[in-house]
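Heads up: the structure comes next, in structure tokens.
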Amino acid sequence: MTAVTAGALLAEPDVAAFRAAMARFPTGVTLLTQGSGDETVVMTLNTLTSVSLDPLLILVSVKASGRMRPRISSSGSFAVNVLAEAQRDLAVEFCRPDRPEGRAAMLRLGAEEGVTGNAVLPASETYVECVLDAEYTAGDHTLLIGRVVALSGGSSSPDPLLFHQGTFGRLSSDEQRGAAA
Numbered sequence: 001m002t003a004v005t006a007g008a009l010l011a012e013p014d015v016a017a018f019r020a021a022m023a024r025f026p027t028g029v030t031l032l033t034q035g036s037g038d039e040t041v042v043m044t045l046n047t048l049t050s051v052s053l054d055p056l057l058i059l060v061s062v063k064a065s066g067r068m069r070p071r072i073s074s075s076g077s078f079a080v081n082v083l084a085e086a087q088r089d090l091a092v093e094f095c096r097p098d099r100p101e102g103r104a105a106m107l108r109l110g111a112e113e114g115v116t117g118n119a120v121l122p123a124s125e126t127y128v129e130c131v132l133d134a135e136y137t138a139g140d141h142t143l144l145i146g147r148v149v150a151l152s153g154g155s156s157s158p159d160p161l162l163f164h165q166g167t168f169g170r171l172s173s174d175e176q177r178g179a180a181a
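The sequence shown maps to residues 1 to 181 in full-length UniProt numbering.
Next comes the structure, spelled out in structure tokens:
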């Protein structure tokens, strides 16, 4: 089987080619949280998608065999915190396997317990709290659909952290002015 891309034929794409292609799509950067206090778990995530306005639904994707999926499945809730450019260090820290958990994570994040009992970051661009609506297996990941039950308003002058082609970035000042208008 072959695929046609930009005039070139490729045999079945491999993982490296797929990653390179997906890296061309810029994304925001978030921290997915479950629990608070001693029970806090956090991971860096860039798969956040708005799914529906009626009802309010979002989608996140987590590794099926990872530690986050069973926690969310059993608790039935999670929060997604959209990071600001100034929070780049948190994105890096919470993507490591030895990332902080429990109270140490809460302190490091400056987090507080949200209405769903999950850690939220008041200093983030915005946060969304969800109850789990559905789960779908998709390859080595699980798609989690969350029903939005609470959210923060976000800052009046956004400066979101972006990820593109393997590096962090930010909106240009012209793009920031347009977003604030």
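C-beta atoms are modelled at their ideal positions from N, C-alpha and C, and glycine is treated no differently. Just so we're clear, the structure is a prediction, and the values are computed from it rather than from any experiment.
Closest residue to residue i among the options (Cα-Cα distance)
i      : options                       : result
LEU56  : LEU32, GLU85, GLY146          : GLY146
PRO100 : PRO13, LEU132, ARG19, THR33   : THR33
PHE25  : PHE163, LEU121, GLY169, LEU90 : PHE163
LEU121 : ASP14, THR40, ALA16, PRO13    : THR40
VAL115 : GLY139, VAL80, THR142, THR137 : VAL80
GLU129 : ALA16, MET22, GLU112          : GLU112
CA-to-CA distance, residue j to residue i, given in whole angstroms
i           : j      : result
ILE72       : SER157 : 32 Å
ASP159      : ALA104 : 26 Å
PRO70       : THR167 : 29 Å
GLN165      : ARG19  : 9 Å
LEU161      : GLN87  : 7 Å
VAL131      : ARG108 : 25 Å
GLY66       : VAL92  : 18 Å
GLY117      : MET43  : 17 Å
residue 209 : PHE94  : A query on residue 209 cannot be resolved here, the shown segment of the chain reaching from 1 to 181 and no further.
Presumed contact (8 Å Cβ cut-off) between residue i and residue j, rounded CB distance
i      : j     : result
LEU45  : LEU31 : 7 Å
TYR127 : LEU90 : Rounded, the Cβ-Cβ distance is 13 Å, inconsistent with contact.
SER124 : ALA84 : 6 Å
Assigned secondary structure, residue i (DSSP; H/G/I helix, E/B strand, else coil)
i      : result
PHE18  : helix
GLU12  : coil
LEU171 : coil
GLN176 : Residue placement at GLN176 cannot be trusted, given a pLDDT of 47 that sits under 50; what the coordinates show is reported in the next sentence. Helix, per DSSP.
THR2   : Here the model assigns THR2 a pLDDT of 48, short of 50, so the residue's position is not dependable, and the following value carries that caveat. In this structure, THR2 counts as strand in the three-state DSSP scheme.
GLY166 : coil
LEU161 : coil
Residue span of the beta strand (DSSP E) that contains residue i, given as start and end
i      : result
VAL92  : Counting along the chain, VAL92 falls outside any beta strand (DSSP E), though it belongs to the alpha helix (DSSP H) covering 88-93.
ALA138 : 126-138
LEU56  : 56-63
Residue i - containing alpha helix (DSSP H), residue span
i      : result
ARG71  : 68-75
GLY102 : 102-109
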